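First to last, the sequence lines map onto chains A and B. Residue numbering for the first sequence follows my numbering, beginning at 840 and increasing consecutively. Residue numbering for the second sequence follows my numbering, beginning at 2 and increasing consecutively.
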Amino acid sequence: GQNIDQPTEMTATEGAIVQINCTYQTSGFNGLFWYQQHAGEAPTFLSYNVLDGLEEKGRFSSFLSRSKGYSYLLLKELQMKDSASYLCASCGFNKFYFGSGTKLNVKP
Amino acid sequence: DSGVTQTPKHLITATGQRVTLRCSPRSGDLSVYWYQQSLDQGLQFLIHYYNGEERAKGNILERFSAQQFPDLHSELNLSSLELGDSALYFCASSVSGGPTSTDTQYFGPGTRLTVL
Chain A
840 GQNIDQPTEM TATEGAIVQI NCTYQTSGFN GLFWYQQHAG EAPTFLSYNV LDGLEEKGRF
900 SSFLSRSKGY SYLLLKELQM KDSASYLCAS CGFNKFYFGS GTKLNVKP
Chain B
2 DSGVTQTPKH LITATGQRVT LRCSPRSGDL SVYWYQQSLD QGLQFLIHYY NGEERAKGNI
62 LERFSAQQFP DLHSELNLSS LELGDSALYF CASSVSGGPT STDTQYFGPG TRLTVL
């Protein structure tokens with residue numbers, strides 16, 4: 840089967856750093872995605888990893904370890920607008936598998 | 002605004018009915034993906050079309066079908082509707098859809114389907 844696991848909810852303080860973890864088991868793996876989704880809105884693409892290592896994009900970074908089936912999304916200098924759900928998704932044999940999402944609450 | 006349009010925005014219908022959801026991809030995008038998002042199941046991949054052809058099929062019920070037309074817009078048909086089909090249905094598009102299908106997907110605003 841395809842298992843994507845990520846924490847249900849996290850809370851962090853404005854200005855801090857938060858790491859959202861994701862583990863996956865995906866046959867025919869060819870990529871790991873992170874999306875941000877605000878309540879009632881469509882998901883928006885944040886990052887894509889297919890090779891091991893860290894991809895940095897402004898305040899957001901994403902890491903992948905294929906051998907461990909593990910990824911994380913790192914958010915730095917948290918802002919109130921970062922309060923949203925963060926979806927981890929893996930791709931295998933051209934099919935996409937989403938985790939249930941991590942709801943991030945940023946408090947002042 | 003992602004450039005992906007979906008109609009209608011909201012749809013309310015009764016059990017047993019049939020509905021059609023429409024999606025227009027971003028200009029230049031050849032791939033269209035359909036997803037279902039319900040409260041208890043998260044985002045579920047349904048189906049992927051590339052340049053008019055079905056490329057991959059996910060957890061799509063037999064009561065559901067989709068197609069992509071020559072102008073690249075896509076329709077998702079849901080029939081014999083059940084209460085459990087109530088959900089937000091997203092369409093996404095991307096530029097390519099080759100064997101790896103890993104380019105960025107841009108999501109439309111979604112169609113909220115309520116089955117009473």
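Beta carbons: idealized from backbone N, C-alpha and C, even for Gly. Note that the coordinates shown come from a computational prediction; the quantities given were computed from them, not determined experimentally.
Cβ neighbours of residue i in the same chain (closer than 6 Å, five flanking residues each side left out)
| i | result |
| --- | --- |
| Lys915 of chain A | Ile856 and Arg898 |
| Asp72 of chain B | none |
| Gly59 of chain B | Phe46 and Leu47 |
| Phe868 of chain A | Gly931 |
CB of residue i within 9 Å of CB of residue j, strictly
| i | j | result |
| --- | --- | --- |
| Val945 of chain A | Ser922 of chain A | yes |
| Tyr117 of chain B | Tyr90 of chain B | According to the sequence shown, residue 117 of chain B is Leu rather than Tyr. Taking 9 Å as the Cβ cut-off, Leu117 of chain B and Tyr90 of chain B do not qualify as a contacting pair. |
| Leu22 of chain B | Thr8 of chain B | yes |
| Thr75 of chain B | Ala67 of chain B | The residue you asked about is not Thr; residue 75 of chain B is Ser in the sequence shown. Going by C-beta atoms, Ser75 of chain B is nearer than 9 Å to Ala67 of chain B. |
Residue i - DSSP class collapsed to helix/strand/coil
| i | result |
| --- | --- |
| Leu84 of chain B | helix |
| Lys915 of chain A | coil |
| Asp844 of chain A | strand |
| Lys920 of chain A | helix |
| Gln42 of chain B | coil |
| Leu943 of chain A | strand |
| Val33 of chain B | strand |
| Lys10 of chain B | coil |
| Asn52 of chain B | coil |
Contact set for residue i: own chain, Cβ-Cβ below 8 Å, skip 5 residues either direction
| i | result |
| --- | --- |
| Met849 of chain A | Val857, Ile859, Thr941, Lys942, Leu943 and Asn944 |
| Gln38 of chain B | Leu44, Gln45, Ala88, Leu89, Tyr90, Phe91 and Gly111 |
Assumed close pair residue i, residue j - CB separation to whole angstroms, cut-off 8 Å
| i | j | result |
| --- | --- | --- |
| Leu926 of chain A | Phe935 of chain A | Not quite, the Cβ-Cβ distance comes to about 10 Å (not below 8 Å), so this is no contact. |
| Ser900 of chain A | Leu893 of chain A | 6 Å |
| Glu853 of chain A | Leu913 of chain A | In fact, because the Cβ distance is near 16 Å, the residues do not count as touching under 8 Å. |
Residues of its chain near residue i, where Cβ-Cβ distance is below 7 Å and the 5 sequence neighbours each way are ignored
| i | result |
| --- | --- |
| Ser81 of chain B | Gly17 and Arg64 |
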